[in-house]
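Per mature numbering (1 follows the signal peptide of the UniProt record, and there is no 0): the sequence shown = residues -17 to -1, 1 to 238. Think of the CB as a built atom: it goes at the ideal place given N, C-alpha and C, for glycine as much as any other residue. Predicted model, so just to flag it, every value in this text is computed and none were measured. What follows is a short report on a single structure.
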Amino acid sequence: MKKFTLTFGMASVLVLAACNGEEPADEGMDDTDDTDVEETEDADDEDMDDDDDEDEDDDEDDDDDEGLDDEDIDEADEAEDGDYDIDFLGDSVHEADDIEAEGSSGSVDVNIDYINIYETDHEDGEAAIVANIHVENTEDEYAVFYSDQSYVSVNEGDEEYSPDVLESDGVGGEMAETSEDSGHVVYVVEESPEDIEHLHFHFDAATDEAGESIGEEIAIDVDLNGDDDMDDEDMDDEDDDVMDDDDDEDNGDDE
């Protein structure tokens, strides 16, 4: 009986010890599970934040791209309207938008589509000549032509004015087969804009890849008086002559 009681007591102690030993293990597993869940949730939150930041960055990039596109469109519209983003330009004094001024050098054709003459903010008695130039390589061969390798002279003067390369477009350059380009070239001249009546443009000859000329130098003359003014004056003179002839005939008939 005593032996049975002792055996039963020892068995009870072992059972209790086993139960007490299992509980901390379960608690440790519960703590680990809770920690893993919290870390997973934190990681998910960070990923969502990163995705939101990337979306915001993409939206900002899209806005920037749209802004650049709008700016490019505005600049194109300004060029078509004859308004240029040039700081020192003052009031427009003369616009010649219907002129035929062209020349060629080898396979390169050069056309001056229109010319605007402005006052400048630099000083009195100074003008800015803005010429819109179209350049085209008409043949299937490589050609080099730079519109800024040129000069303009005013009226009957001998002074040669080079382009303002900082304010001018790089029209031309190394031109592949059957290619074209256009833009404006700015010349600042020491002449009152109201006194400019005649312009003489001179361009260097087009060259090949080796720098050898493939044509002649280009000279283009532009008369800003306009043929219409000359025609009107001539017509007035002709009308006066006709009236004088009629008067003479009437006097002869009366006699």
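Distance from the CA of Asp147 to the CA of Asp123, rounded to the nearest whole angstrom, comes to 31 Å. It is roughly 7 Å from the alpha-carbon of Ser130 to the alpha-carbon of Phe186. DSSP places His105 outside any beta strand (DSSP E), giving it a letter other than H or E.
In this structure, the CA atom of Ala79 is about 10 Å from the CA atom of Asp206.
In the assembly as shown, Thr161 is an exposed residue. Its beta-carbon has fewer than 16 other beta-carbons within 10 Å.
Pairwise C-beta distances place the region 82 to 90 out of contact with the region 142 to 156, as fewer than three of them are shorter than 8 Å. Taking one beta carbon from each stretch, the region 107 to 124 and the region 160 to 174 have 3 or more pairs nearer than 8 Å; the two touch.
By alpha-carbon distance to Ser75, the top candidate from Glu106, Glu177, Asp152 is Glu177.
For His117 and Glu106, the gap between their C-alpha atoms comes out near 30 Å. Under the three-state reduction of DSSP output, Glu177 falls in the helix class. If you look at Tyr129, you'll find it in the beta strand (DSSP E) that goes 126 to 129.
Asp96 and Asp104 have their C-alpha atoms spaced approximately 26 Å apart.
Annotation for Gly166: Asp152, Val154 place their beta carbon closer than 6 Å to its own, counting only its chain and skipping 5 residues before and after. Looking at the DSSP output, Tyr97 sits in a beta bridge with Asn115. Collapsing the DSSP output to three states places Thr121 in coil. Look at Thr190 here: in three-state DSSP terms it is strand. Residue environment analysis places Asn99 among the buried positions, since at least 16 neighbouring C-beta atoms fall within 10 angstroms of its C-beta. Distances from the alpha-carbon of Asp70 to those of Gly156, Leu149, Gln132, Ala188 put Leu149 closest. In the DSSP assignment, the residues bridged to Phe184 are Val135, Ile203. The C-alpha of Thr121 lies about 7 Å from the C-alpha of Asp92.
When secondary structure is reduced to three states using DSSP, Glu157 falls in the strand class. Glu195 and Ala189 have their C-alpha atoms some 8 Å from each other.
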